[in-house]
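Participant: Numbering (the UniProt record's numbering), first residue to last: 1 to 288.
Quick reminder that beta carbons are idealized off the backbone N, C-alpha and C, glycines included.
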Amino acid sequence: MANKSSKRSSAGVLNKLSHVALAVWAILIIYPLVFTFLAAFKSNTEIFIGNPFALPSHWDFASFGRAWTEAKVGTYFLNSLIVVTCSTFGTMLLGAMAAYVLARYEFIGNRFIYFLFIAGLAFPVYLALTPLYIVVQELGLLGTHTGLILVYIAYSLPFTVFFLAAFFKTLPNAVAEAAMIDGASHTKLFFRVMMPMAKPGLISITIFNIIGQWNQYVLPVSLLPGGAEGQEKWLLTQGIANISTAAGYQADWPALFAALSIAIIPMIIVYTIFQRQIQSGLTAGAVK
């Protein structure tokens, strides 16, 4: 009885410590978000002299207009939307097909190909910048959105294959066997049977890829043209960085925070909408 009570007390202490850690982590995340959103509606003076968490004395929405038009955030936003949409679609299509084959079919070299994908997780993108630059340049795609999309796909495939291969292994064989007996081809089996069954996992990894590619900064800076002549091709992260450095001490801070809000809000909306699907996708493999 004494051992049971001591175990319960220690579990209670760990539970309380975990809640404290989560509370601290939440504060660290919420603090800069609240400051960013409020600062977007303030003047430069209010941002640096007033209380950072005080409500604006006057809710000025003009900063969003300046960020969208004068700072070209609208152009950068559209570029990011196009690039991330195309790269996420390509990543999920190729990653799902590769993961399905590696998880459900036995053939010579299966494990080698799988571990080759997994090896991609071990290399930071910084180590591959020079080879990537040379390869994209040799393909004639340097400074284009097409080249950046292909690099995004290649960069996102390792984790996508790793995640989905484990998920596809948990799907029941009986359903696949029944579909094959009914005359379904391998292609029809994958697109009509297995992909709908893997929907929670597909949604989860899709959201992770969207967020990761949307926030990417190093690859666009390395592969897209710099300078004023190349700004029309920039992505949102490049544009926001340019806003923060271009004007020096006379920077339009409300417009900068408005641009940050424009970049952050879509990802918050996406995560909020698909939160339940993400949680079910992450736990489905363990439960099954």
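In terms of residue numbering, what span does the alpha helix (DSSP H) encompassing Ile113 cover?
Facilitator: 110-119
Participant: For Phe112, count neighbouring C-beta atoms within 10 Å of its own C-beta (all shown protein chains included) and say buried if the count is 16 or more, exposed if not.
Facilitator: exposed
Participant: Looking at the unbroken alpha helix (DSSP H) that takes in Gln231, where does it start and where does it end?
Facilitator: From DSSP, Gln231 is part of no alpha helix (DSSP H); its letter is neither H nor E.
Participant: What is the C-beta distance between Ser261 and Gln213, in whole angstroms, given that I count them as a contact (C-beta under 8 Å)?
Facilitator: Not confirmed; about 20 Å, so no contact.
Participant: When the Cβ atoms of the region 193-201 are set against those of the region 226-240, are three or more pairs found closer than 8 Å?
Facilitator: no
Participant: Run the CB neighbour count on Ala259, radius 10 Å, all protein chains shown included, and call it buried at 16 or more, exposed below.
Facilitator: In the assembly as shown, Ala259 is a buried residue. Its beta-carbon has 16 or more other beta-carbons within 10 Å.
Participant: With a Cβ-Cβ cutoff of 9 Å, do Leu38 and Ala62 count as a contact?
Facilitator: no
Participant: Considering just the uninterrupted stretch of the alpha helix (DSSP H) at Gly140, what are its terminal residues?
Facilitator: Note, Gly140: premise wrong, no alpha helix (DSSP H); not H, not E.
Participant: Going by beta carbon distance, what residues of the same chain come within less than 7 Å of Pro56, once the five residues before and after it are set aside?
Facilitator: Leu38, Phe41, Lys42, Glu46
Participant: Roughly how many whole angstroms lie between the Cα atoms of Asn44 and Thr187?
Facilitator: 58 Å
Participant: Do Ile149 and Val83 come within 9 Å of each other at the CB atom, strictly closer than that value?
Facilitator: yes
Participant: Does DSSP classify Thr144 as helix, strand or coil?
Facilitator: coil
Participant: Enumerate in chain order the residues of its own chain whose CB-to-CB distance from Thr36 is below 8 Å, with the five nearest sequence positions on each side excluded.
Facilitator: Counting only Cβ-Cβ distances below 8 Å, and skipping sequence neighbours, we find Phe257, Leu260, Ser261, Ile264.
Participant: If we count the other Cβ atoms within 10 Å of its Cβ and call it buried at 16 or more, is Ser244 buried or exposed?
Facilitator: With fewer than 16 other Cβ atoms within 10 Å, it is exposed.
Participant: Please list, in chain order, all residues of the same chain as Gly147 whose beta carbon is under 8 Å from its beta carbon, the five residues on each side excluded.
Facilitator: Val136, Leu139, Leu141, Leu223
Participant: Could you name each continuous alpha helix (DSSP H) segment of 4 residues or more that falls completely within the region 15-84, going from the start of the chain to the end?
Facilitator: 44-49, 62-65
Participant: Would DSSP call Leu171 helix, strand or coil?
Facilitator: coil
Participant: Can you grab the Cα-Cα spacing for the pair Thr75 / Met180, in whole Å?
Facilitator: 48 Å
Participant: What do you get for residue 301, buried or exposed, if any count of 16 or more other CB atoms within 10 angstroms of its CB means buried?
Facilitator: Nothing about residue 301 can be reported from this structure: the residues present for the chain run from 1 to 288 only.
Participant: Whose CA, out of Asn15, Pro266, Leu14, Val270, lies closest to the CA of Leu78?
Facilitator: Among Asn15, Pro266, Leu14, Val270, the Cα nearest to that of Leu78 belongs to Pro266.
Participant: Is DSSP giving Tyr217 helix, strand or coil here?
Facilitator: In the three-state scheme derived from DSSP, where H, G and I count as helix and E and B as strand, Tyr217 is classed as coil.
Participant: I'd like to know whether the C-beta atoms of Ala119 and Val161 end up nearer to each other than 9 Å.
Facilitator: no
Participant: Measuring only the C-alpha atoms, how far is Phe48 from Pro131?
Facilitator: 43 Å
Participant: Which of the three DSSP states is assigned to Leu150 in this structure?
Facilitator: Correct three-state label for Leu150: helix.
Participant: Can you tell me whether DSSP reads Glu106 as helix, strand or coil?
Facilitator: coil
Participant: Can you tell me whether DSSP reads Gly212 as helix, strand or coil?
Facilitator: Correct three-state label for Gly212: helix.
Participant: Could you pull the start and end residues of the alpha helix (DSSP H) that Leu127 belongs to?
Facilitator: No residue range can be given for Leu127, since it is assigned to no alpha helix (DSSP H) and is classified by DSSP as neither H nor E.
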